[in-house]
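Below: one structure, written as structure tokens.
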Amino acid sequence: MSETVAPSPSSPEVHYDVHAVEEKWLPVWEELDPFRARDEVVRSGEREKRYALTMFPYPSGDLHMGHAEVFAIHDVISRYWRLRGHEVLNPMGWDSFGLPAENAAIRNDEHPATYTYANIETQYASMKRYGVSFDWSRRLHTSDPEYYRWTQWLFLKFREQGLAYRKNSPVNWCPNDQTVLANEQVLADGTCERCGAEVTKRELTQWYFKTTQYAQELLDCLDDLQPTWIDKVVNAQRNWIGRSEGAHVSFAVEGHEPLTVFTTRPDTLWGATFMVVAADAKLATELVSEEQRAALEEYQTDVRKASDIDRLATDRPKTGVFLGVHATNPVSGEQVPVWASDYVLADYGTGAIMAVPAHDQRDLDFARAMDLPVRRVVDTGEENPEESGVATTGNGAYVNSGPLDGLSDKVEGIRHVIALLEADNQGSGTVNFRLRDWLLSRQRYWGAPIPIIHCPVDGEVPVPEDQLPVELPELRGADLKPKGSSPLGAAREWVEVSCPTCGGPAERDTDTMDTFVDSSWYFFRYLSSHDATQAFDPELAKAWGPIDLYIGGDEHAVLHLLYARFFTKVLRDLGLIDWDEPFSSYLSQGKVINNGRKMSKSLGNGVNLGEKLEEFGVDAIRLTLVFASPPEDNIDWADVSPAGAARFLQRAWRLSGDVTSAAGTDPSGGDVALRKVTHKTVNEAAQLLDSYRFNVVVARTMELVNATRKAIDSGAGPADPAVREAAEVVAILLSMVAPYTAEEMWERLGHQPSVAQASWPTVEPALLVDEAVTAVVQIQGKVRGRLEVSPDISEADLEAAALADPAVIKALEGREVRKVVVRAPKLVNIVV
RNA sequence: GCCCCGGUAGCCCAACGGCAGAGGCGAUGCUCUCAAACAGCAUUCAGUGUGAGUUCGAAUCUCACCCGGGGCACCA
31 MSETVAPSPS SPEVHYDVHA VEEKWLPVWE ELDPFRARDE VVRSGEREKR YALTMFPYPS
91 GDLHMGHAEV FAIHDVISRY WRLRGHEVLN PMGWDSFGLP AENAAIRNDE HPATYTYANI
151 ETQYASMKRY GVSFDWSRRL HTSDPEYYRW TQWLFLKFRE QGLAYRKNSP VNWCPNDQTV
211 LANEQVLADG TCERCGAEVT KRELTQWYFK TTQYAQELLD CLDDLQPTWI DKVVNAQRNW
271 IGRSEGAHVS FAVEGHEPLT VFTTRPDTLW GATFMVVAAD AKLATELVSE EQRAALEEYQ
331 TDVRKASDID RLATDRPKTG VFLGVHATNP VSGEQVPVWA SDYVLADYGT GAIMAVPAHD
391 QRDLDFARAM DLPVRRVVDT GEENPEESGV ATTGNGAYVN SGPLDGLSDK VEGIRHVIAL
451 LEADNQGSGT VNFRLRDWLL SRQRYWGAPI PIIHCPVDGE VPVPEDQLPV ELPELRGADL
511 KPKGSSPLGA AREWVEVSCP TCGGPAERDT DTMDTFVDSS WYFFRYLSSH DATQAFDPEL
571 AKAWGPIDLY IGGDEHAVLH LLYARFFTKV LRDLGLIDWD EPFSSYLSQG KVINNGRKMS
631 KSLGNGVNLG EKLEEFGVDA IRLTLVFASP PEDNIDWADV SPAGAARFLQ RAWRLSGDVT
691 SAAGTDPSGG DVALRKVTHK TVNEAAQLLD SYRFNVVVAR TMELVNATRK AIDSGAGPAD
751 PAVREAAEVV AILLSMVAPY TAEEMWERLG HQPSVAQASW PTVEPALLVD EAVTAVVQIQ
811 GKVRGRLEVS PDISEADLEA AALADPAVIK ALEGREVRKV VVRAPKLVNI VV
């Protein structure tokens, strides 16, 4: 029971009991079921579709303040669209595969499903009480065999297209979780994004999705998304994809294949005084001379000892070893030594570079450390890098550069050299991406098994589609302990199968898929949650897609959002959908923090959602979170006032009890001043909602409540039809944020439930126009007077009126008017 | 180092290039009360991070810098 809003026994009409109201309306909504999305209504074109989506949660414990915020924001937009007469698809489900359940299972000696599905039920009950307008008939869980059957099916489709493949390479390994990680799951400081352990490297054969095949398109489409996506997410994705233009250049090496490098500065080719290959790349081992082999191996041992964290320090001294071979510069014929170093990365470009110390700081540092020559080929007018130790990267006159001498523009120089190389077949212009292929194998249990059988005769054999899903074997407790290889390997009776092709003995793949695979396509499954014959119905995808608004946390700015975009493009190329991007607009909600800090157990500053709901009620918490700030900003719990929100809701509710006119009363004869406020509020609210400025909508609603209160107490009076009209608009506006209070108001105003089935109020344009507006008269841009004028006054009349205003005349005394700027009907600026 | 976003009252936040303040929180005073809580009424506080520029006019556009947040980073 709330202390702040408890019903006062002496004045029962002043308060309502928030919890009693919650109990009252939940079963009514259950009965009316107003939120079910109707496929047929959209397919027939009867109503325009809207697909509202919020990132589905991982079922760890109960909902917290962050969920409360995102659901509150999400519900405003989906309820708004419904009021506007759209057919709204608003589904919810659970991203229910993943490590926490597995770790809990080991701890408690149980099956991961126990933890998972118990938490799902807890969260489900909380979401219901929270009053979010989800269409529960489409509910899904990614850990259900009916779901992961189609995850596996998609994997096989990807593989058929050559987009899923296996390769052996050094991969990120989390020693704590005992599994490999995608690049995206390793933080910038070299630690695991899940558990914080320092990530190491391992050489393993793993499954990959060929995300790089779509790198250019993933980048290009960002231009179209820019206006409707939040800037920082677009920026993060651009950086992550990391396109750079340059050239491949081949250097001949005696007794070997030519050494090809990627460079963004082919125009500095004449300044290449040595080559460097990545010390940990196969290339280094292949190239090294017999005399230098021992030295290289010693160096490689040293490099392996250095952790990723050491390697990330960009200012540490350069190290390396000479490989005992030389390469031939394709344009000058010059012989340059080939070195190995750990400052060159094995998995970017070709794993080898041409070093131009005069014009690249890293190469210069290396040249100085190893006493290698520095040759300036671009004279930028700055000090010679050989003396200064500072590489120059700007434009300048080319020197010592053969055909480039005489040029002085970088773009032109690069174009010239590429043409030269292409003519001689010694290189070509190319584009390189920072984005790598997506490593999807995981050596853990609680995920979708990779539907491949390894046969000694037939190699990798896909599990036939009619045998999907490949269900997880029953493992629990200690069976799941991380041991460096997949726990599935221990389930021998599950692993050992006969080959679908030859019938001979074979083994299942024992890895499971990264859970990001599950969440890359769930928004398609919502269209056909219960379809046992296909992943989703392409006709429904056509009808409902793409998603009109996606809301989520920006911790997924690169991971999930990029993967989901990749999946969408592949599904398009498979012919299953006909659009290119899954999310027409994207909004990332801020975090809920407390006292300037992230809420955490260790800081002891957590705010418990359940307690706050108990104390203030669902509506007040929703209102608090929507009103606190623009949706993308962080909310500091210390700055908000749920008690203030509760107070406002009570004040709004009281309006509905004060109205004395009958439901259905024609408002046209009502108080014009109040009617204008009402209609302007509706008009502006629509614009604000269309641009997701929910906090301002709440402020406008508060203004309308204040104006209505004033009209009742000291204006038109409670019987005026305008008061009823205003109170009804308040109920409808509030229904998006505070559905319980709004429902209660709607009923007290004499309407049938539910207010969720009401329509957006019609704005009368005549009421948006004022009879008189205040025109401001400025002198030199400073306000010197005000005039009440008609809104359609002519510029000439307004100018005359302004110059005739006594205050203006006084202010202008003794000064010469040089110019008058008139912006009817709002402003006159007199320049003297 | 490169790339994005932001900086408005004590606080959270509004403001088509045109009156800096819509709303809320807080504080203060008053009303109600035996008193308090609740509620109601009223008052309070900035010239928009800094410096230039464009303009009749800049919180708003441009540039530079400062501060804060985020992304990328030995990526050639």
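The first sequence begins at 31 in this note's numbering and counts up one residue at a time. We put the CB at the ideal spot given by N, CA and C, even for glycine. Please read these numbers as outputs of a predicted model, since none were measured by experiment.
The beta-bridge partner set that DSSP reports for Ile383 consists of Val306. With a cutoff of 7 Å on beta-carbon distance, Ile103 and Lys511 are scored as not near each other. Among the bridge pairs identified by DSSP, Thr331 is matched with none. Going by DSSP, Pro535 is part of the beta strand (DSSP E) stretching over Pro535 to Arg538. Here the C-alpha atom of Leu518 lies approximately 9 Å from the C-alpha atom of Asp509.
Assignment of Tyr244 by DSSP, reduced to helix, strand and coil, places it in the helix class. Taking a cut-off of 8 Å for Cβ pairs, the stretch 736-747 and the stretch 649-661 do not touch, as fewer than three such pairs fall below it. Nearest C-alpha to Val351 among Thr209, Ser614 and Ala397: Ala397. Nearest to Ser789 by C-alpha distance, out of Ala729, Glu733 and Ala716, is Ala716.
Burial check for Val760: the Cβ neighbour count within 10 Å reaches 16 or more, so the residue is buried.
Counted as a single uninterrupted DSSP element, the beta strand (DSSP E) harbouring His278 occupies residues Arg273 to Val283. In summary, Gly647 is buried, with 16 or more beta-carbon neighbours lying within 10 Å of its beta-carbon over all protein chains present.
Under the 8 Å Cβ criterion, the stretch 682-700 does not count as touching the stretch 280-293, having fewer than three qualifying pairs. According to DSSP, His171 shares a beta bridge with Trp124. Within the stretch 394-434, the alpha helix (DSSP H) runs of at least 4 residues that lie entirely inside it are, in chain order, 415-418.
When secondary structure is reduced to three states using DSSP, Arg816 falls in the strand class. Thr258 is bridged by DSSP to nothing; it lacks a bridge partner. Rounded to the nearest angstrom, the gap between the Cα atoms of Tyr178 and Gly533 is 26 Å.
Here His484 is bridged, per DSSP, to Glu490 and Glu537. Around the beta carbon of Glu132, a 10 Å sphere encloses 16 or more other beta carbons of the protein chains shown; the residue is thus reported as buried.
A check of alpha carbon separations from Ala756 across Ser274, Gly436, Ala737 and Glu320 identifies Ala737 as the nearest.
Residue range Ala194 to Cys204 is occupied by the beta strand (DSSP E) that includes Arg196.
The Cβ atoms of Arg754 and Ser698 do not sit closer than 7 Å to each other.
Leu704 is the residue among Ser614, Leu704, Ala309 and Val847 whose C-alpha sits nearest the C-alpha of Asp800.
With fewer than 16 neighbouring CB atoms inside 10 Å of its own CB, Thr331 falls in the exposed class. When DSSP states are grouped into helix, strand and coil, His590 belongs to the helix group.
Lys79 is classed as buried because its beta carbon has at least 16 other beta carbons within 10 Å across all chains shown. Residue pairing by DSSP places Glu526 opposite Glu537 in a beta bridge. Between Val819 and Val838, the alpha-carbon positions lie close to 16 Å from each other. Straight-line spacing of the CA atoms in Thr410 and Arg295 works out to 15 Å. DSSP, read as helix, strand or coil, puts Ala693 in coil. Taking the Cβ atoms as the reference, Ala421 lies roughly 18 Å from Ser438, outside the contact range of under 8 Å. Distance between Val72 and Asp720, taken at the CA atoms: about 21 Å.
Listed in chain order, the non-local C-beta contacts of Val861 below 6 Å within the same chain comprise Arg848 and Lys849, local neighbours out to five positions each way being set aside. When DSSP states are grouped into helix, strand and coil, Asn624 belongs to the strand group.
When the five nearest sequence neighbours on each side are left out, the beta carbons in the same chain lying within less than 8 Å of the beta carbon of Val813 are those of Val806 and Val807, in order along the chain.
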